[in-house]
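Novice: I have a structure here, written as structure tokens, and I will follow up with some questions on it.
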Ligand SMILES: [Zn+2]
């Protein structure tokens, strides 16, 4: 799951939540963050994130909770490392039972976050950082899972549909820069759009620029701003069609 920080919403944080330390100065407006846990507290959904200064090698670094209202959801896919668990919302007078999501160690131990926060258990920090890496790789580099219906649609996609998609890998600098993730149908990798650094000029296309893949150097990158879903089956089909 990935979310985008919308800084204008900081001033709209309800008064009853302000008593909890919500440290927004360590987030960058419009940056995307991977959500490591989704919890309901004070009757509100909260995301557990690592801010811009988080360092996995520092015992003083810890993930922080932020009210979900401060973010737009970019990718709502729940992590495959999450489990669903029930917890009592202690911050509400009626103490309702709520459904939360996180990795199993976090779900099973109500003191896990407290131990991370106080850096009193080195093992908690090791466990968290292991999941952090797995979930970041999943959020940025894994293909989403296609449903059977989507797989059938991809299988039935005619050549013209592939050609239409192919037009997005040329003169695509603006599209890549407007994207969060890119996929390359030559090396078939998915990666953050910010990894794309190299472009070639297309004199025959008004000198517009074409992105080169940061992994293989080929000009076969699609940005998600093009609205093309990065299903493995689709990227493989493009690869087979254009590279045999
Ligand atoms: Zn590539």
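Numbering (this note's numbering), first residue to last: 14 to 257. Yeah, the Cβ is synthetic: ideal placement off N, Cα and C, and Gly gets one too.
(1) Tell me which residues pass a beta-carbon proximity test against ligand 1: closer than 6 Å to any heavy atom, given in chain order.
(2) Using 10 angstroms around the beta-carbon of residue 46, count the other beta-carbons present and answer buried if the total reaches 16, otherwise exposed.
(3) How many angstroms separate the CA atom of residue 54 from the CA atom of residue 157?
(4) When the distance is taken between beta carbons, is residue 27 closer than 8 Å to residue 59?
(5) Can you name the residues that DSSP bridges to residue 113?
(6) Would you report the Cα separation of residue 174 and residue 227, rounded to the nearest angstrom?
(7) What is the rounded straight-line gap between the Cα of residue 223 and the Cα of residue 133?
(8) For residue 256, is the beta carbon positioned less than 7 Å from some heavy atom of ligand 3?
(9) Tell me whether residue 105 sits in a helix, a strand or coil according to DSSP, three-state version.
(10) Can we say the segment 199 to 218 touches the segment 146 to 163, given the rule of at least three CB pairs closer than 8 Å?
(11) Specify, as a first and last residue, the run of the beta strand (DSSP E) that residue 234 falls within.
(12) For residue 210, which residues in the same chain have their Cβ closer than 7 Å to its Cβ, ignoring the five residues on either side in sequence?
(13) Report yes or no: do three or more beta-carbon pairs, one from the segment 157 to 173 and one from the segment 237 to 248, lie closer than 8 Å?
(14) With a 10 Å radius around its C-beta and 16 neighbouring C-beta atoms as the bar for buried, classify residue 16 as buried or exposed.
(15) Using CA coordinates, which residue listed in 215, 50, 220 and 85 is at the minimum distance from residue 118?
(16) Could you compute how far the alpha carbon of residue 62 sits from the alpha carbon of residue 147?
(17) From residue 232 to residue 251, what does the alpha carbon distance come to, in whole angstroms?
(18) At 3 residues or longer, what runs of the beta strand (DSSP E) sit wholly inside the segment 144 to 202?
(19) Could you tell me which of 95, 20, 191 and 178 sits nearest to residue 197, measuring between CA atoms?
Specialist: With the structure as the only source:
(1) 197, 199, 200, 202, 226, 228, 229 and 231
(2) buried
(3) 29 Å
(4) no
(5) 98
(6) 26 Å
(7) 50 Å
(8) For ligand 3, the structure offers nothing, since it holds only ligand 1.
(9) coil
(10) yes
(11) 234 to 236
(12) 227
(13) yes
(14) buried
(15) 50
(16) 14 Å
(17) 13 Å
(18) 194 to 197
(19) 178
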